[in-house]
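**Q**
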Amino acid sequence: MDDALRRRLDTVAALLVGCFLVLLALGLQFATLYTVGLLLVGVFVWAMGGEYIGALYYAR
């Protein structure tokens, strides 16, 4: 994977995680620990999956 693509994906992932953390801080009184854990796992899997799919797409 080229460096420009990796930086772009890392930036998108960092922005998503940052937005998630801000929303989490705002709505913490409504969120259970279980829900928070599921959302964190979902964001992580999405970020890693997006990078993997991008690598496959640009490697062909």
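Going letter by letter, the sequence shown gives residues -2 to 57 in the working numbering. Even glycine gets a Cβ: it sits at the ideal position worked out from N, Cα and C. Here the structure is a predicted model, which is why all the values come from computation and not from measurement.
Report the option in Arg5, Phe17 and Arg3 whose CA atom is closest to the CA atom of Phe41.
**A** Phe17
**Q** Round the Cβ separation of Leu20 and Val33 to the nearest angstrom and send it over; I've been treating them as touching at under 8 Å.
**A** Their Cβ separation, rounded to whole angstroms, is 11 Å, which puts Leu20 and Val33 out of contact at 8 Å.
**Q** In whole angstroms, what is the alpha-carbon distance linking Ala56 and Asp(-1)?
**A** 9 Å
**Q** Shortest alpha-carbon distance to Gly39 belongs to which of Val14, Ala1 and Arg4?
**A** Val14
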